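Chemist: According to this note's numbering, the stretch in the sequence shown is residues 1 to 563, in order.
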Amino acid sequence: MSDGEKDSNGNEIASLAVAVVALAVALVALLGTTAQVLQQYIATAAGYSNCGKRVIGPWAKHTKLVFHPWELRFEVVFMAPAIEVRPARLDTANQQAVLVGGVSERFLITKSGLLGFSNADTEKMARDCLKPTDEGLGYAASWLTLLREIQVMTPTAARTRSHVNDANAAGLETSGLLLTIKAVNQTLDLMPEGVKRPYAITTLGSVVLLVARLGLHWKQFDRVNDRYLADGNGLLITGSAVPHLGIMFSFTRYGFPSHVHCPVIEDDEAAKLCFGLVPTIFKSPRFGPGPKYLTDIPRNLDFLRLGSRAEMTATFRLMGFEANNQEFMASIESTEHLFPVIFEIVGMLAQSFNAVAESAAGPHGEQNHILLPNPLPFHWGSKTFSPDKLFRTYADSMKYEQWELWERLGFTEPQHLLTETASRIVRMCDRWLSENLTRQALILMVVRAHVRRAIQVFNDETLTSRNFQVVCATIETMSRTGMRPVETELVEIYLDKVLHIILQKPGFWDDDMEGVHVERKREIWLVLMLRMFGWFATHTFHPADIQVPKSDVMGSEQPVYIS
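(1) What is the rounded straight-line gap between the Cα of H62 and the Cα of M79?
(2) If you compare alpha carbons, which of A82, L216 and R522 is closest to P373?
(3) Just verifying my parser: in three-state terms, what is the DSSP assignment at Y48?
(4) Alpha carbon to alpha carbon, how far is A19 from L30? Give it in angstroms, no decimals.
(5) Across which residues does DSSP place L236 in a beta bridge pair?
(6) Quick one, which of W535, V21, E75 and I237 has its alpha-carbon nearest H369's?
(7) Let me know the alpha helix (DSSP H) ranges lying completely inside the region 276-340, each 4 residues or longer, listed in chain order.
(8) Does the region 386-399 come into contact with the region 522-541, if we say contact requires no fewer than three beta-carbon pairs (one atom in each stretch) closer than 8 angstroms?
(9) Out of A183, T202, L390 and K64, which one is the CA nearest neighbour of R86?
(10) Could you tell me how far apart the beta carbons of H450 and I502 are, in whole angstroms, since I believe they sit closer than 8 angstroms?
(11) Go to Q440, then tell me how far its alpha helix (DSSP H) extends in each direction, as first and last residue.
(12) Do L209 and Q220 count as a contact pair if the criterion is CB distance below 8 angstroms?
(13) According to DSSP, T203 sits in a beta bridge with which residue or residues?
(14) At which residues does the beta strand (DSSP E) containing V66 begin and terminate?
(15) Between which two residues does the beta strand (DSSP E) containing F385 stretch?
(16) Given 8 angstroms as the limit, is there contact between the region 324-334 and the region 251-259, that is, 3 or more CB pairs closer than that?
(17) Tell me which residue opens and which closes the beta strand (DSSP E) that D222 is part of.
(18) Do the CB positions of I455 and T280 come within less than 8 angstroms of each other?
(19) Run the CB neighbour count on G36, radius 10 Å, all protein chains shown included, and call it buried at 16 or more, exposed below.
(20) Measuring CB atoms only, is the region 546-555 touching the region 183-191, in the sense that at least three cross pairs come out at less than 8 angstroms?
(21) So the candidates are N300, T180, G47 and I265; which of them puts its Cα closest to the Cα of H539?
(22) Which partner residues does M79 have in the DSSP bridge list?
(23) Using a Cβ-Cβ cut-off of 7 angstroms (strictly less than) and excluding sequence neighbours within five positions of F339, which residues of its own chain qualify?
(24) With H, G and I counted as helix, E and B as strand and the rest as coil, what does DSSP make of E420?
(25) Per DSSP, which residues does L372 bridge with? Please list them.
(26) Please say whether P198 and C51 have beta carbons closer to each other than 8 angstroms?
(27) How would you call V224, buried or exposed, if buried means at least 16 neighbouring beta carbons within 10 angstroms?
(28) Can you say whether L444 is buried or exposed, counting buried as having 16 or more other CB atoms within 10 angstroms of its CB?
(29) Under the rule that 16 or more other beta-carbon atoms within 10 Å means buried, what is H337, buried or exposed?
(30) Under the rule that 16 or more other beta-carbon atoms within 10 Å means buried, what is W59, buried or exposed?
(31) Return the residue from the list P485, K399 and S563 that minimises the CA-CA distance to L526.
(32) With 16 other CB atoms within 10 Å as the buried threshold, where does L72 fall?
(33) Could you name the residues that DSSP lists as bridge partners for R86?
(34) With 16 other CB atoms within 10 Å as the buried threshold, where does N300 fall?
(35) So for F353, helix, strand or coil by DSSP?
(36) The alpha helix (DSSP H) with K53 in it runs from where to where?
Shown next as structure tokens:
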């Protein structure tokens with residue numbers, strides 16, 4: 001090979017080397033530029049990490065990036081729950097819906113399945129949602145904790161029971177409450193400034209019902225300043241206004257919730273207790289859901305509005321009390337024995353939640369108490385006493401003295417007053433009271449006379465054999481020393497003092513009722529008292545529960561959010 005050829009080959013090799021190096025540099029530059037462009041595109045998907053499994057648990061399965069080529073950016077799309085509690089109106093058009101639940105609640109889930117997943121994944125995803133997450137570190141969305149508590153509030157809440165089109169065949173009531181959880185698509189593009197994590201959507205009326213069912217008690221419900229706080233049962237929920245969005249709630253678990261002793265909200269009627277409305281025995285039976293909004297409530301005694309002082313004043317005026325008298329209002333609010341006297345009106349006139357009460361009966365027929373939301377702005381009796389013993393003491397005192405009356409109620413022998421369940425006795429009283437609708441005026445007259453006399457008796461120790469307030473204050477001492485039970489003391493005061501003077505003093509009766517026979521008044525009073533004690537033997541309220549005025553949000557569909 002000549003020297004010229006060698007030089008030519010060397011130049012070609014050198015040129016090739018330079019070309020290879022240049023190509024490599026160009027490729028590196030291209031890759032760098034490509035990576036930079038991709039990084040810029042991916043940066044448009046800000047917040048994607050907040051839609052991961054550590055934040056929204058198994059819901060992260062549906063988080064995805066959607067590229068918009070004409071905008072040269074990615075959009076983060078995720079799924080979050082829309083939660084609503086509403087009266088059962090089984091929608092025949094939505095045949096894909098699934099009923100889930102236990103004894104006290106029924107959950108209506110969309111066709112996507114429980115918690116927004118395919119039906120095949122329902123059980124697995126339900127179990128995943130029950131597993132601990134990073135919520136303790138502040139990573140997880142608080143609505144994930146809420147869903148987990150919803151799932152465990154009944155033993156069978158995580159299992160699909162039946163389809164909606166089989167609901168009637170299964171004998172499910174259409175007047176109950178449904179908790180609907182729908183998986184809805186959302187995008188981070190529309191998140192307000194300052195909101196980083198996905199939020200669940202619900203309504204203000206649904207929040208009130210969820211808070212009650214989970215065993216929390218409202219401490220603050222201020223719609224003027226948008227400040228909300230509920231606490232209890234190891235759970236905490238707070239709410240405040242978020243600019244450009246609305247009210248945002250945060251749900252926290254700080255203890256070990258027990259759903260065994262949470263208020264039972266079996267149907268639409270019990271749900272109204274959460275808003276301070278008490279359905280009464282005067283309410284006509286109806287099928288399907290009742291009034292949804294406060295404005296739908298008739299201005300009669302179908303419901304007692306007792307959620308605030310103003311509502312109580314209006315209700316007492318409707319019942320015929322001298323509600324404009326400030327002294328009377330102060331007396332009825334402050335008079336208390338084993339429990340505030342105002343609760344006696346509830347026991348006498350409140351509707352009995354029979355389905356709930358019967359389901360709570362023990363295996364041997366013993367009666368368990370059904371915990372209901374407190375509709376009154378007063379705490380239920382804080383003193384130690386037995387409502388069941390109070391009921392049995394009254395029944396035992398009266399089983400022989402008024403046998404003809406009890407026979408008309410449906411008892412076949414005196415001992416049945418002690419062996420029948422309290423819930424059945426309440427139903428027998430209701431049947432007797434409702435035989436003639438014109439009896440409403442007479443029933444109200446007896447209730448008014450009873451309340452007036454009870455207020456006088458328990459505020460004047462000279463009218464009792466001993467100061468009953470002192471008896472109540474020393475109840476623990478009485479229990480330890482074996483003194484007479486305070487339940488016996490209360491029953492005797494009612495029978496010996498309240499009833500006696502009611503019948504003897506005509507001033508306690510309305511002028512148009514003076515002609516009513518004394519024995520007729522006595523019968524109605526005795527039946528109302530039996531019903532009251534029986535009602536308290538089957539229904540009760542949590543000592544820490546107290547009604548915070550919020551009747552105006554009953555049925556409210558105002559959108560609120562859970563962080």
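Positions of the beta carbon are idealized from the N, C-alpha and C atoms, including for glycine. From a predicted model like this one, the values you see are computed outputs, not experimental measurements.
Modeler: Taking the structure as given:
(1) 6 angstroms
(2) L216
(3) helix
(4) 16 angstroms
(5) D231 and T252
(6) W535
(7) 309-319 and 326-334
(8) yes
(9) T202
(10) Correct: roughly 7 angstroms between the Cβ atoms.
(11) Q440 to F458
(12) no
(13) DSSP, once it has assigned bridges, lists P559 as partnering T203.
(14) K64 to H68
(15) Premise fails: F385 is in no beta strand (DSSP E) and is neither H nor E.
(16) Between the region 324-334 and the region 251-259, the count of Cβ pairs shorter than 8 angstroms is below three; the stretches do not touch.
(17) H217 to D222
(18) no
(19) The residue you asked about is not Gly; residue 36 is Gln in the sequence shown. Exposed is the call here.
(20) no
(21) Nearest C-alpha to H539: I265.
(22) Paired residues: N185.
(23) Answer for F339: W380 and G381, listed in chain order.
(24) coil
(25) F541
(26) yes
(27) exposed
(28) buried
(29) Here H337 is buried: its Cβ has 16 or more other Cβ atoms, across all protein chains shown, within 10 Å.
(30) buried
(31) K399
(32) It is exposed - the Cβ of L72 has fewer than 16 other Cβ atoms within 10 Å.
(33) L178
(34) exposed
(35) DSSP, reduced to helix, strand and coil, places F353 outside both helices and strands of the structure shown, so it counts as coil.
(36) Here the alpha helix (DSSP H) through K53 covers K53 to I56.
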